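Residue numbers (my numbering): 54 to 304.
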């Protein structure tokens, strides 16, 4: 029995080590894809509507979206939910996000004291990255993106309208000064393959994948916009129980 238990313990440790390596690799791949995607957005902004370049960029962005989805599905089988300090996670990603957004876009933070949340750290990064890329693509000439956090108590009527449970939530708001979203598109913006880009380019998978992550967490994504006045996306995350023990997280 002793030898059997030792073998079982060893197998568990080996599986955990492989899982950790897989997650680190996935994290690195997400970083690479993010840089490629933001570079595509920059090239598109200076391409002067060249049809050939736009077509090639569509292909590249579509491939990036497929690769990201494959990574997300892989991680879905190996999720590592833990108690996370949302502000700490955002600040940990800040240097990389600023570089990826480029010099023409100013990133502002407004982080308030909020509850922790229970979720996979990589999935939280996935949400922030996709919303910032979405904001950059809405501002090809440059602009400003603000990321803020706040605490919110959602009562029964509001929870029913959002499709979530009533209770305490943490809100991450990403607001841009881009061209805005037309009203007819705003109702469908979270559907796969729907894009708010003026020329209809791109694959429109980022927001849909964000919604998938939030649905598993018990949260929801809310968008508001007016043409010519930018857009706001609220990531509403269910707060962790008060007795939960926090885990450290680094982007």
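Every residue gets a Cβ at the ideal spot worked out from N, C-alpha and C, and that includes glycine. Nothing here was measured: the structure is a model prediction, and the numbers come from that model.
Do residue i and residue j have their CB atoms nearer than 8 Å?
| i | j | result |
| --- | --- | --- |
| residue 158 | residue 195 | yes |
| residue 226 | residue 166 | no |
| residue 192 | residue 163 | no |
| residue 223 | residue 139 | yes |
| residue 107 | residue 100 | yes |
| residue 173 | residue 292 | no |
| residue 278 | residue 239 | yes |
| residue 283 | residue 217 | no |
| residue 262 | residue 149 | no |
| residue 156 | residue 228 | no |
| residue 94 | residue 189 | yes |
| residue 117 | residue 86 | yes |
| residue 187 | residue 260 | yes |
| residue 200 | residue 137 | no |
Can you name the start and end residues of the beta strand (DSSP E) that residue i belongs to?
| i | result |
| --- | --- |
| residue 226 | 220 to 229 |
| residue 197 | 196 to 207 |
Residue i and residue j look like a contact to me (Cβ under 8 Å); what is the Cβ gap, rounded to whole Å?
| i | j | result |
| --- | --- | --- |
| residue 171 | residue 134 | 6 Å |
| residue 154 | residue 182 | Their Cβ separation, rounded to whole angstroms, is 11 Å, which puts residue 154 and residue 182 out of contact at 8 Å. |
| residue 79 | residue 177 | That pair is no contact at about 14 Å. |
| residue 180 | residue 266 | 6 Å |
What are the boundary residues of the alpha helix (DSSP H) that residue i is part of?
| i | result |
| --- | --- |
| residue 276 | Residue 276 -> not in any alpha helix (DSSP H); beta strand (DSSP E) instead, spanning 273 to 278. |
| residue 236 | 236 to 239 |
What does residue i pair with, by DSSP beta-bridge criteria?
| i | result |
| --- | --- |
| residue 286 | 227, 276 |
| residue 291 | 222 |
Can you confirm whether residue i, when its beta carbon is compared against all beta carbons of chain B, has any partner nearer than 8 Å?
| i | result |
| --- | --- |
| residue 287 | Within the model displayed, chain B is absent; a lone protein chain is all it includes. |
Inset, instruction - Quick one: which unbroken alpha helix (DSSP H) runs of 4-plus residues sit fully inside the stretch 123 to 194? Chain order, please. - result: Qualifying alpha helix (DSSP H) stretches, in chain order: 139 to 154, 174 to 190.
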